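Contents: one structure, followed by commentary.
2 protein chains.
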Amino acid sequence: MKKNCKSLPQYTLKRLTEYLNILYQLREKGISSISSGELAQRMNITDVQVRKDLSCFDSIGKRGVGYDIDKFISIIEEDLGLNRELSVIIIGAGRLGSALIHYKRLSKARFRVKAGFDIAKDKINKTINKVKIFSIEKLDEYLKENKIDIAVFTVPEDEVEGIMDIIKKSDIKAILNFSPGIINSRENLIVRNLDIVSDFKILSYKIKEKNNAD
Amino acid sequence: MKKNCKSLPQYTLKRLTEYLNILYQLREKGISSISSGELAQRMNITDVQVRKDLSCFDSIGKRGVGYDIDKFISIIEEDLGLNRELSVIIIGAGRLGSALIHYKRLSKARFRVKAGFDIAKDKINKTINKVKIFSIEKLDEYLKENKIDIAVFTVPEDEVEGIMDIIKKSDIKAILNFSPGIINSRENLIVRNLDIVSDFKILSYKIKEKNNAD
DNA sequence: CCTTGTGAAAACTTTCACAGCT
DNA sequence: AGCTGTGAAAGTTTTCACAAGG
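Heads up: the protein sequence lines correspond to chains A and B, in order.
Position 71 of the first sequence, counted from 1, bears residue number 71 in this note's numbering, the numbering being contiguous throughout.
Start counting at 1 in the second sequence, then tack on 214, and there's your number in this note's numbering.
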């Protein structure tokens, strides 16, 4: 599906996922086509950026017209691998983990939460939104019997290391880590570290910076 | 506190928040000093990157020795503006919003959640972790009477626009948006868009890419 | 005429190589 | 000797300028 690019540039990849959100919304409204300029405006970027992002793909647009939304969506979905199911486990069934288990947009995008894991006795063997929560002690065994693609970490920082020892021995392909601290992506594992508090801190800096400018 | 830099480079800023997480953890363990090499290893980056990031500040390190952790922490905290309180409201008291209201690391970093807002009658006028939940209809009035720095959006996409109309008229300085879709940061507002599903999709692409490589 | 597509330039970020303290 | 600090080089991303198609 690609032309020149061996693999998508990092920032293009990120934006493609954001284009999708906007395109879904437009499709919902019955709109069938959009120009790079309009899309750029909604994304708060330039129109050239949109077109450059698409230059990795065989021509999607029509000159003088714009992009067909259905076609645009299916090409991105295809390329991101979103037309297959990926199985997910949530490690740490606290409030954030539980929110993710309930998150409808995840299941719409075909990410299937298969199980949760926790250390708290009052959570173990219960279900959250039909997803069973197991003791963390069962994780090793569970991973031997079930093929899981992505493990999500929503546990306190000090539990991460022990869990990683188990994950490394499994066939899990990727980790999405919400705990503070960085999980290294050696060991052939794909890792994304996503600390929400970090984003608050960045806002703090920008607020401060702006105050100084006044 | 800065030397040459007018303002911190975007990626340096992001990493500074991540250094903090690691430094807190080290301080907890009673460690008082660290070299750029050790810190880099924990961050999964190069030692030069660490030192370059710090080149915006007046010399923090000691050659031949490393960085004093207490000093390092206080310089970053000072520069990010983390030694003051920022007031926060959570718009959308669903599972994610509720998780944020309970999130201890936020309060530790001095982000104070002052109120929540929702449209659901069963949530309005209740409290979550001592934070009162108001009707979204009270938002306008609330913002006139209370100085709030950051608004967090944890509402469905279609509610964003109406809420933005109210926010724009207020003195809110920054938005952290968990809804899909991009909020434009014109109107003198600082915005960070943070779609969690987007990170899952990026993992999807990388898993697919890796499979192809085998 | 409108909008896509794209080499080339500009801007930004990371890495290299090495000078400089302690 | 060991680690910090930094100008210069390399690599990546964005923007510019304009060619080309409907």
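Idealized CB from N, CA, C, for every residue including glycine.
Note that the structure is a prediction, hence the values are computed from the model and not measured.
Nearest by alpha-carbon distance to residue i: which of the options is it?
i, options, result
"A:I133", "A:Q41, A:K169, A:I90 and A:D171", "A:I90"
"A:Y19", "A:N212, A:E38, A:E157 and A:R84", "A:E38"
"B:V405", "A:L106, A:K201 and A:K123", "A:K201"
"B:A388", "A:G64, A:I73, A:K210 and A:S7", "A:K210"
"A:D122", "A:K108, A:K130, A:Y205 and A:A93", "A:A93"
"A:A120", "A:L100, A:K108 and A:V155", "A:V155"
"B:R241", "B:F286, B:L227 and B:G275", "B:F286"
"B:Y225", "B:F325, B:G244 and B:C270", "B:C270"
"B:I274", "B:P223, B:I290 and B:D413", "B:I290"
"A:L194", "A:I172, A:D171, A:N188 and A:E157", "A:E157"
"A:E137", "A:L23, A:G162, A:D47 and A:R95", "A:G162"
"B:K422", "A:I196, A:L100, A:R105 and A:N83", "A:N83"
"A:D140", "A:A151, A:K6 and A:S74", "A:A151"
"A:K126", "A:L23, A:D58 and A:S98", "A:S98"
"B:L237", "B:L222, B:S288 and B:S418", "B:S288"
"A:N129", "B:K322, B:T231, B:R309 and B:V411", "B:R309"
"A:Q25", "A:L13, A:R63, A:M43 and A:P9", "A:M43"
"A:K104", "B:L222, B:C219, B:V411 and B:K420", "B:V411"
"B:K276", "B:L222, B:S249 and B:G295", "B:S249"
"A:N21", "B:N426, B:A427 and B:D413", "B:D413"
"B:G295", "B:L222, B:E359 and B:G278", "B:L222"
"B:K420", "A:D79, A:D58 and A:K29", "A:D79"
"B:D272", "B:C219, B:K322, B:G278 and B:K243", "B:C219"
Identify the residues that DSSP records as bridge partners of residue i: which are they?
i, result
"A:I91", "A:F117 and A:F153"
"A:I133", "A:G116"
"A:A174", "A:I150 and A:I190"
"A:D68", "A:S33"
"A:I128", "A:V131"
"A:G61", "A:Y67"
Leaving aside the five residues before and after residue i along the sequence, list all residues of the same chain whose C-beta is less than 8 Å from its C-beta, in chain order.
i, result
"A:M164", "I183"
"B:V434", "No answer is possible for residue 434 of chain B: the residues shown for chain B start at 215 and end at 428."
"B:D441", "Any answer about residue 441 of chain B is impossible in this case: the structure gives chain B only from 215 up to 428."
"A:L106", "V88, L100 and V113"
"A:V131", "I90, I101, V113, K114, A115 and G116"
"B:G280", "S247, I248, S249, S250 and E252"
"B:E359", "none"
So, for residue i: in the same chain, excluding its five sequence neighbours on each side, which residues have a beta-carbon less than 7 Å away from its beta-carbon?
i, result
"B:Y356", "A329 and F348"
"B:D332", "G306, A307, I338, I347 and I350"
"B:I245", "I283"
"B:L417", "none"
Using a Cβ-based criterion (distance less than 7 Å to any ligand heavy atom), does residue i qualify as near the ligand SAM?
i, result
"A:K121", "Looking for the ligand SAM in the displayed structure turns up nothing, as the structure carries no ligands at all."
Could you give the first and the last residue of the continuous alpha helix (DSSP H) run that contains residue i?
i, result
"A:L82", "That residue, A:L82, is in no alpha helix (DSSP H); it is neither H nor E in DSSP."
"B:N258", "Premise fails: B:N258 is in no alpha helix (DSSP H) and is neither H nor E."
"A:R110", "It is not in any alpha helix (DSSP H) - A:R110 carries neither H nor E in the DSSP assignment."
"A:F200", "I196 to A213"
"A:D165", "V160 to K168"
"B:L234", "Q224 to E242"
"A:K144", "L139 to E145"
By Cβ distance, which residues of its chain are closer than 6 Å to residue i, with the 5 residues on each side in sequence left out?
i, result
"A:R110", "E85"
"B:D282", "S247"
"A:A40", "T46, D47 and V50"
"A:D53", "T12 and R15"
"B:I380", "L353 and D354"
"A:S185", "V191"
Contacting positions in the region 188 to 214 of chain A - beta carbon closer than 8 Å to chain B
Flagged, chain order: I190, R192, N193, L194, D195, I196, V197, S198, D199, F200, K201, I202, L203, S204, Y205, K206, I207, K208, E209 and K210.
Residues, ordered as in the chain, of the region 17 to 29 of chain A that lie near chain B by beta-carbon distance below 9 Å:
When C-beta distances to chain B are compared with 9 Å, the residues of the region 17 to 29 of chain A below that value are T17, E18, L20, N21, I22, Y24 and Q25, in chain order.
Along the region 251 to 270 of chain B, what residues have a CB closer than 7 Å to any CB found in chain A?
Against chain A - using a Cβ distance shorter than 7 Å - the residues of the region 251 to 270 of chain B are R256, M257 and N258.
So if I threshold CB-CB distances at 8 Å, which residues from the region 355 to 374 of chain B count as touching chain A?
Those residues of the region 355 to 374 of chain B that come within reach of chain A (Cβ to Cβ, closer than 8 Å) are D363, I364 and E371.
Which residues of the region 83 to 109 of chain A have a Cβ closer than 7 Å to any Cβ of chain B? Give them in chain order.
From the region 83 to 109 of chain A, only L86, R95, L96, S98, A99, H102, R105, L106 and A109 have a Cβ closer than 7 Å to chain B.
The region 175 to 189 of chain A: positions lying closer than 7 Å to chain B by Cβ
Listed by position, the residues of the region 175 to 189 of chain A near chain B (Cβ gap below 7 Å) are L176, P180, G181, I182, N184 and S185.
Taking a Cβ distance cut-off of 9 Å, strictly less, list which residues of the region 111 to 144 of chain A are near chain B, in chain order.
If the cut-off is 9 Å between Cβ atoms, the region 111 to 144 of chain A has F111 near chain B.
Short of 8 Å Cβ to Cβ, which residues in the region 275 to 300 of chain B face chain A?
Result list: D293, L294, G295, L296 and L300.
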